[in-house]
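Undergrad: The opening residue of the sequence shown carries number 252 in my numbering; numbering runs sequentially from there.
Handing you a structure now.
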Amino acid sequence: MPIVPIRMKGSERPVAERLNVLLKQQGFSTVVGQYISWILGELADNALTHSSQLQGDRICYVLATRFVSDSSNCVIVGIADTGIGIQNSLKSQPEHRKLGDARALLDAFRPNVSSWAKEYGRGKGLTDVVKIAKGNNAYFIVASNDLAFLMDFRDNNNPHIEKRIPISTAPGTRYGLVLIDNTFKPIPRSEADAFLKNEIKRLGL
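Here it is, written out as structure tokens:
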């Protein structure tokens with residue numbers, strides 16, 4: 252699927268549906284198609300909700316491509332926006348303001364952590380991205396402004412987070428997620444959160 256611009260909340264849904272159809276046509280299972288469609292919708296919605304841009308300036312870009320690795324069908328989903336970055340969005344809330352940028356970027360993936368006030372009950376979507384990646388033995392990179400982290404779940408004995416050099420330091424957030432067309436193992440949010448807490452501690456953040 253070529254690069255598709257998304258400007259309005261809700262307009263990501265037909266893009267996700269189109270991607271799901273394309274994946275099925277290329278032999279992907281219904282399950283992986285549903286997960287990828289959900290991730291695309293969630294991350295695009297996040298980009299349009301938390302970018303802190305004026306309504307007319309909000310935009311994110313989505314692309315997807317298929318490849319074969321070790322005789323498995325794989326798909327890369329890329330999503331990018333031109334907003335203020337995850338860490339700056341999260342630190343707009345007083346309770347997160349004192350966090351360092353790297354810690355804020357990773358904390359944003361923990362459950363119930365959001366740039367919205369607590370009474371809105373937000374902060375589950377990014378945790379669910381970690382859940383899906385971990386349950387799929389997949390991996391993804393998140394880059395936000397001048398920071399980037401790889402979350403790698405390919406080795407069950409060594410799931411880990413690595414700090415990376417971003418390919419661009421342009422404002423905004425960029426995700427590159429690789430999913431494998433194999434069986435998903437559902438995991439609870441508590442397991443995803445335990446992984447994040449342990450890695451944040453290991454990285455000294």
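In this text, a Cβ means the ideal position worked out from N, Cα and C, and glycines have one as well.
Quick caveat, the model's predicted, so the values are computed rather than measured.
Could you please give the first and the last residue of the uninterrupted beta strand (DSSP E) stretch that includes S395?
TA: Residue mapping note: residue 395 aligns to position 144 of the sequence shown, counting from 1. Unbroken beta strand (DSSP E) run through S395: 390-395.
Undergrad: According to DSSP, is T281 part of a helix, a strand, or is it coil?
TA: Your numbering for residue 281 matches position 30 in the sequence shown. Residue state, collapsed to three classes: helix.
Undergrad: So is M259 buried or exposed if we call it buried at 16+ other beta carbons inside 10 Å?
TA: To locate residue 259, count along the sequence shown from 1; it is residue 8. Burial call: exposed.
Undergrad: On a CA-only basis, which of K448, S262, G278 is nearest V364? Give me that one, please.
TA: Counting from one through the sequence shown, the residue named residue 364 turns up at place 113. Here the closest residue by C-alpha is K448.
Undergrad: Among the candidates V393, P362, I431, Y390, whose CA atom is the shortest distance from the CA of G278?
TA: Working through the sequence shown from its first residue, we reach residue 278 at position 27. Minimum Cα distance to G278 is reached at I431.
Undergrad: Can you find the residues in the same chain that come closer than 6 Å, C-beta to C-beta, to Y426, ignoring five residues on each side of it along the sequence?
TA: Position 175 of the sequence shown, counting from 1, holds the residue named residue 426. Correct list, in chain order: L294, I330, V393.
Undergrad: Distance check for K349 and S322, CA to CA, integer angstroms please.
TA: Residue numbering aside, residue 322 sits at position 71 when the sequence shown is read from its first letter. Residue numbering aside, residue 349 sits at position 98 when the sequence shown is read from its first letter. One C-alpha to the other measures close to 46 Å.
Undergrad: Decide if T424 is buried, meaning its Cβ has at least 16 other Cβ atoms within 10 Å, or exposed.
TA: For the purposes of this step, residue 424 is taken as residue 173 along the sequence shown, with counting starting at 1. By the neighbour-count rule (16 or more Cβ atoms within 10 Å), T424 is buried.
Undergrad: Report yes or no: do the stretch 285-294 and the stretch 394-411 share at least 3 C-beta pairs separated by less than 8 Å?
TA: No, because fewer than three Cβ pairs between the stretch 285-294 and the stretch 394-411 fall closer than 8 Å, the two stretches do not touch.
Undergrad: For the 8 Å Cβ check, are there 3 or more pairs between the stretch 350-360 and the stretch 440-456?
TA: The stretch 350-360, when compared against the stretch 440-456, does touch it at the 8 Å Cβ threshold.
Undergrad: For S395, count neighbouring C-beta atoms within 10 Å of its own C-beta (all shown protein chains included) and say buried if the count is 16 or more, exposed if not.
TA: Residue mapping note: residue 395 aligns to position 144 of the sequence shown, counting from 1. So S395 counts as buried.
Undergrad: Helix, strand or coil for L456, going by three-state DSSP, please let me know.
TA: Here residue 456 refers to the residue found at position 205 when the sequence shown is read from its first residue. L456: coil per DSSP, three-state reduction.
Undergrad: For Y390, which residues in the same chain have their Cβ closer than 7 Å to its Cβ, ignoring the five residues on either side in sequence?
TA: For the purposes of this step, residue 390 is identified with residue 139 of the sequence shown, where counting begins at 1. Answer for Y390: A384, L401, M402, D403, F404, R405, V429, listed in chain order.
Undergrad: Mind checking which residues open and close the alpha helix (DSSP H) that includes D379?
TA: As a first step, residue 379 is located in the sequence shown; it is residue number 128 there, counting from the start. 376-386 is the span of the alpha helix (DSSP H), which, as asked, contains D379.
Undergrad: Could you give the DSSP three-state label for N407: helix, strand or coil?
TA: Working through the sequence shown from its first residue, we reach residue 407 at position 156. Coil, per DSSP.
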